[in-house]
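Quick note on numbering: the sequence shown equals residues 3 to 291 in this note's numbering. Built from N, CA and C at the ideal position, the CB exists for glycine as well. What you are looking at is a predicted structure, and each value in this text was computed from that prediction instead of being measured. All remarks here apply to the structure that follows.
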Amino acid sequence: MRVLSFFRIIGRGILFSNLFIATCAFGLVCQTYLLLHLPVRYWQACLAFLATFFIYNLDGLLPYKFNQNVIVSERKVWLMNNRSVLLFSIGLAAIMAVFLFIRYGQPHYFWLIGHLVAISFFYSWRIIPQKNGVSIPLRNIPLLKIFLIAYVWSCVTVILPLLALAVDNFLLSTNVGILFMRRFTFLFALTLVFDIRDYKKDKITHTLTFPGLVGVFSTKVFASLLLLVFAVLTWYSESGSALIHLELSAGLALLVVWFSTENRSDYYFLIFADGMMLVQSILVLMATH
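Here it is in structure tokens:
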């Protein structure tokens, strides 16, 4: 029992501290290099890991989120109990990320990083004034949240890794464009799963999402269509083991979509929905080695 309790504590720490989702970002960056048959820039993957860890924890620790009129989840309780440690950790992550960028980064793609950082910060910070005098974050703009998440993740895990190679013309190739669209549609579908999870909470906070607009079932159908687009683009642009493994990841993601409900625990979404990114990266690693 003690051993089981120990692993449960470790598991909660990895999931709730966003170490797991940051590892998913690391994996997707590596996957981009592997799919394009390029040498993996591990410093870029580490930069994505650190940036994801920093942004996600900063978002989760915003003071107003602890005062919302919503059910307090196990994850939120964990965040409150470990607030000091997390603040120290994200400060350290920020320092390490800045060091990596100064040491290895290229000034010519600072414009892209700048606007991604701005979107990430303003995603949850209340900066947009309303007629009633209350400001809202970008995520509260109707239907915008999901596009922002998929766009930022796609840029961080596809465009930035290629800019790190300092070969600008490569970004204009058809293969890169298709890879970006594949990544975007795959992540968009997974993000819809979290909209399903947050259906009740978003209704309380008056945030219009796809489930709130068209219903949960139609949202699952839309996510399935996005995964179909991913599968078709993959069939067109890949071959051999990479094609088989990527199509398998789409099939697994489809199962996650249809088994998701708003009443499932946080663990389902953190392990299976987020985990699909890591599963896909592992499958690509298996296919390319």
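Query, Result
"Beta-carbon contacts of F298 that lie in its chain and below 8 Å, excluding the five residues immediately before and after", "Because the chain here runs from 3 to 291, residue 298 falls outside it and cannot be looked at."
"Nearest-angstrom beta carbon gap, Y111 and L165 [assumed within contact, 8 Å]", "4 Å"
"Close beta carbons around R184, own chain, < 7 Å, minus the five adjacent residues each side", "F232, L235 and T236"
"Limits of the alpha helix (DSSP H) - the one that A152 falls within", "L146 to S156"
"Test item: CB-CB of R128 and P139 under 8 Å", "yes"
"First and last residue of the uninterrupted alpha helix (DSSP H) at Q282", "G277 to T290"
"Secondary structure, alpha helix (DSSP H): runs of 4+ residues fully inside the region 181-258", "201-206, 212-216 and 218-239"
"Presumed contact (8 Å Cβ cut-off) between M278 and H247, rounded CB distance", "Not quite, the Cβ-Cβ distance comes to about 13 Å (not below 8 Å), so this is no contact."
"Which listed residue (L81, N84, L40 and L215) has its alpha carbon closest to that of L167", "L40"
"CB contact flag (F18, A50, <8 Å)", "no"
"Whole-angstrom distance between F149 and V254, CA atom to CA atom", "The sequence shown places Leu at residue 254, rather than the Val named in the question. So the alpha carbons of these two residues sit roughly 22 Å apart."
"Residues near Y269 in its chain [Cβ-Cβ closer than 6 Å; skip 5 each side]", "none"
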